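Number of protein chains: 2
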Amino acid sequence: MTDAVSPLASPFPAMPMIAGVTPRVARAGYKDWGRCDLTYVELAEGTTVAGVFTRNICCSTEVELGRENVKRGTARALVVNAGNSNAFTGYRGREAVEQIAGQVADHLGCAREDVFVSSTGVIGVPLPKDKAREGVDQALAAEPCSWEEAARTIATTDTFAKGAVATAVVDGRTVTLAAIIKGSGMIAPDMATMLGYIFTDAAVAPAFLQQCLSAANLQTFSCITVDSDTSTSDTVLAFATGKAGNAPLVSFDSPGADAFAAALADVCRQLAHLVVRDGEGARKFIAISVTGAVSDESARRIGLAIANSPLVKTAIAGEDANWGRVVMAVGKAGEPADRDKLSIGFGGIWAARDGLPLADYDEAPVAAHLKGQDVTIEVDLGLGEGRATVWTCDLTHGYISINADYRS
Amino acid sequence: MTDAVSPLASPFPAMPMIAGVTPRVARAGYKDWGRCDLTYVELAEGTTVAGVFTRNICCSTEVELGRENVKRGTARALVVNAGNSNAFTGYRGREAVEQIAGQVADHLGCAREDVFVSSTGVIGVPLPKDKAREGVDQALAAEPCSWEEAARTIATTDTFAKGAVATAVVDGRTVTLAAIIKGSGMIAPDMATMLGYIFTDAAVAPAFLQQCLSAANLQTFSCITVDSDTSTSDTVLAFATGKAGNAPLVSFDSPGADAFAAALADVCRQLAHLVVRDGEGARKFIAISVTGAVSDESARRIGLAIANSPLVKTAIAGEDANWGRVVMAVGKAGEPADRDKLSIGFGGIWAARDGLPLADYDEAPVAAHLKGQDVTIEVDLGLGEGRATVWTCDLTHGYISINADYRS
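Those protein sequence lines, which keep their order, are chains A and B. Using this note's numbering, read the first sequence as starting at 24 and increasing by one per residue. Using this note's numbering, read the second sequence as starting at 24 and increasing by one per residue.
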């Protein structure tokens, strides 16, 4: 956590504890930063789990093991190390993760595979095993903490703690979802993202939990980008303790399944937006709506080509309605487009329609829109029914300052 | 041309005039900038032509017509407008290009299709026809100018004039190639690039000229990137006047064909490097060598993923040997890679081999290397024989400053 808070920061929401979920934090000292950096979340017996992970080929051991373990569908604990991603550290990194899982499994009397471990921070430095052991010991003995404390403890370059909450009525009972997430740079999730954790007291069969999470992911985490760089450690896990006492959700035929899936998607969308709002150096939150594409997937790819364009992002930073750069980004996306059917707008006002600048285009209201913190870009391809919305932030001097000397 | 010259600038070389090629410049006044902005190059009868163009779907009329006309293989003139790319301007933009081609064709008594027109600058503003007509009139009556003057006149945000020269002995005669180029932002050529023009007095059949240019392009312009954004106007044209009097080159079986192809590739490499050396905000020239990939094309894609990563580029800007970010970029490239066979180095010194940080890695010489202006990154995938070198620059505050208020 850095001192200068993002101007787009959202206050941490009032988040209830979830029955069967107990977070604790400790100071392992992975970096010399005088703050807690190890988060331990104990989960009641019977908790189910689902997850989505980075597609980066050079992923961390944590991601490899998580991807494997999530197939079993059960979980008893989560450990998150901040300050060191432990990625690209070979057998030494793997030993550290196995040690942590073993230590927690011994304590709880559960299978090692029920302990999920994530790490975030610098790549290429093996997680120090001694610090990890002491940190886990401390955490196992610590008092339970608040969600906000847990959210602060999983953070690295984040400038504010990020949480989201939603409820749904399932089988006559109100179930609650509480979630925390970290991330602000190296954000271009490829069907997965960052470190995000969703906890619910609903009873949900693991396969259905996975189905809901994967679907939500496609419309949320897979539609955000800060800098086009896909992390080696991206992970989102959803845990369901079942303590709400509803009849377990096993498919969309289960009563309340739609409400639960909608609440889960809502939480994922909140979390995804929070990450963009803390994009490194971000001063503006940009929503890009693409319509008229040949398919939803094509619309998403075009949206991401715009959202990843340094020239579009610097134009928005400069409050410049430079729609020519949007045209350029559409054209380089590698997706079907027809220059002479293309329309571009800002803040709901078209600047160009059907491949031509509008003769009566009045830039004044667009300029006023771009001065705000929340900017929208509208693109209509005029080809089909495909649509998508993606979210990003502007590219400013702050991004350069943060990343030109992060490790040093 | 801006005032603050890139620290990586190269002096303009001594460039001879090419028999059959006469450059002239004029002030059309496309922008209120008190400099020449229209370049006219007259080519002798019998001149052959080849070209490569942007793959951006939203390309300009100039690119569409150029791509069509180059198939005929003959050329008599080139007109380059600076300050307005005339892209995304519909029928109004097309009328302006046709007017220019007609005006020059009437003057020379040649086919309109033998007049090649390029435009560079802001997207989405139709090229003003009255200014174009006056500018062409001026240029047709102007005294011939130097290559350096022509190179300055095709430039926009460039900070220095860019030229390259090479010679080859063909059929017992020395042929000369002289070339100019502009470009510093919106540079991520997709099999083509920017605005570049190569002139030679060699006699070369158009099909063979195209073969040589396309091959050279793949190893030069297609291997550079400044900001991952592919322009709507990228064009490289090669013109051969035949005035050297050699027996025309028609294939690699023609005497001297290898020498000519090598000289052409040399000029293309020089031009490509000059563009990177003028990358917007660039302070370091970065060469990325990828070896051990499954194919040359796979190596090139991995190299470009590294070269386009904002996190790698900011790390180099900060003189930080953050090889973890290189690992990340390899992993997100979408190409075959095996984390545990991957090796990463800087300045010829390995930091990690076979998926592990080197135990005896000494960062001091690497840190010294990164303080220089010329930085190399070595990546070995350990999978096959594929190799490629790509070139880029670092990402600095200068890029943000230039692009957050270019148009305004």
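Yeah, the Cβ is synthetic: ideal placement off N, Cα and C, and Gly gets one too. Just so we're clear, the structure is a prediction, and the values are computed from it rather than from any experiment.
Same chain, Cβ closer than 7 Å to residue i, five either side skipped, listed in chain order
i	result
serine 108 of chain B	Ser83, Ser142, Thr143, Gly144, Val145, Ile146, Thr255 and Ser256
tyrosine 384 of chain B	Ala374
methionine 214 of chain B	Low per-residue confidence applies at methionine 214 of chain B: pLDDT is 49, beneath 50, and the placement is therefore not dependable, though the value from the model is reported in the following sentence. Taken in chain order, the residues that qualify are Val75, Arg78, Asn240 and Ser245.
valine 349 of chain A	Ile329, Val335, Ile367, Ile400 and Val402
threonine 179 of chain A	Ala105, Gly106, Thr143, Gly144 and Lys205
Cα-Cα separation between residue i and residue j, rounded to whole angstroms
i	j	result
tyrosine 422 of chain A	tyrosine 422 of chain B	11 Å
proline 95 of chain B	glutamine 234 of chain B	One detail in the question is off: residue 95 of chain B reads as arginine in this sequence, not proline. Roughly 15 Å separates the two Cα atoms.
arginine 410 of chain B	cysteine 246 of chain B	12 Å
arginine 156 of chain B	valine 140 of chain B	13 Å
alanine 286 of chain B	aspartate 194 of chain B	14 Å
proline 46 of chain A	lysine 307 of chain B	46 Å
alanine 124 of chain B	alanine 98 of chain B	12 Å
threonine 337 of chain A	valine 273 of chain B	47 Å
aspartate 397 of chain B	aspartate 417 of chain A	30 Å
methionine 209 of chain A	threonine 199 of chain A	30 Å
alanine 391 of chain B	serine 29 of chain B	22 Å
valine 259 of chain A	lysine 185 of chain A	14 Å
threonine 415 of chain A	alanine 328 of chain A	11 Å
glutamate 65 of chain B	alanine 100 of chain B	5 Å
alanine 305 of chain A	valine 299 of chain A	8 Å
cysteine 133 of chain A	leucine 88 of chain A	16 Å
aspartate 16 of chain B	arginine 175 of chain B	The structure shown does not extend to residue 16 of chain B, since chain B is modelled only from 24 through 431, so no value can be given for it.
valine 127 of chain B	valine 138 of chain B	7 Å
valine 120 of chain B	cysteine 168 of chain B	23 Å
phenylalanine 283 of chain B	serine 277 of chain B	10 Å
arginine 135 of chain A	glycine 69 of chain A	15 Å
glutamine 161 of chain A	proline 34 of chain A	29 Å
leucine 406 of chain B	alanine 37 of chain A	52 Å
serine 251 of chain A	alanine 352 of chain A	14 Å
threonine 419 of chain A	threonine 253 of chain B	21 Å
glycine 52 of chain B	valine 159 of chain B	11 Å
histidine 130 of chain B	alanine 164 of chain B	11 Å
methionine 24 of chain A	proline 333 of chain B	A caution first: methionine 24 of chain A carries a pLDDT of 48, below 50, which makes its placement in the model too unreliable to give a value.
arginine 362 of chain B	valine 86 of chain A	13 Å
Cut-off 6 Å between Cβ atoms - residues of its own chain near residue i, not counting five sequence neighbours on either side
i	result
proline 149 of chain A	Thr112, Arg115 and Gly116
alanine 261 of chain B	Ala73, Ile221, Leu232 and Leu236
valine 103 of chain A	Thr62, Ser141 and Ile177
alanine 32 of chain B	Phe183
asparagine 345 of chain A	Ala338
alanine 226 of chain B	Gly265, Asn269 and Pro271
glutamate 303 of chain B	Ser207, Gly208, Tyr422 and Ile425
Sequence-distant residues of its chain with Cβ nearer than 8 Å to residue i (five each side left out)
i	result
threonine 243 of chain A	Ala288, Cys291, Arg292, Leu294 and Ala295
alanine 42 of chain A	Ala67, Asp224, Thr264, Lys266 and Ala267
threonine 412 of chain B	Cys246, Ala310, Ile311, Ser312, Val313 and Gly326
proline 39 of chain A	Val188, Thr199 and Ala201
cysteine 81 of chain B	Ala110, Phe111 and Thr255
proline 388 of chain A	Gly370 and Ile372
lysine 152 of chain B	Glu118, Ala119 and Gln122
lysine 154 of chain B	Ala51, Gly52 and Tyr53
Bridge partners - residue i, DSSP secondary structure assignment
i	result
asparagine 104 of chain B	B:Leu61 and B:Ser142
phenylalanine 369 of chain B	B:Ile372 and B:Ile400
threonine 314 of chain B	B:Asp403
lysine 205 of chain B	B:Leu218
cysteine 416 of chain B	B:Phe308
alanine 411 of chain A	A:Val313
leucine 379 of chain A	A:Arg376
glycine 186 of chain B	B:Ile203
threonine 337 of chain B	The partner list for threonine 337 of chain B (beta bridge, DSSP) is empty, contrary to what the question assumes.
valine 192 of chain B	B:Thr197
alanine 330 of chain A	DSSP lists no partner for alanine 330 of chain A.
proline 46 of chain A	A:Val64
tyrosine 97 of chain A	The question names tyrosine, yet the displayed sequence has threonine at residue 97 of chain A. Note: threonine 97 of chain A sits in a beta bridge opposite A:Thr71.
For this session: Counting only runs of 4+ residues fully inside the segment 220-303 of chain B, write out the alpha helix (DSSP H) ranges in chain order.
Result: 229-242 and 280-300
Exercise. Taking one C-beta from the segment 351-364 of chain A and one from the segment 318-325 of chain A each time, how about it: are there three or more such pairs within less than 8 Å?
Worked result: yes
Exercise. With contact counted as at least three CB pairs below 8 Å, one residue from each stretch, are the segment 399-413 of chain A and the segment 367-375 of chain A in contact?
Worked result: yes
Problem set entry | Complete runs of the beta strand (DSSP E) confined to the segment 51-95 of chain A [at least 3 residues] | 61-66 and 71-76
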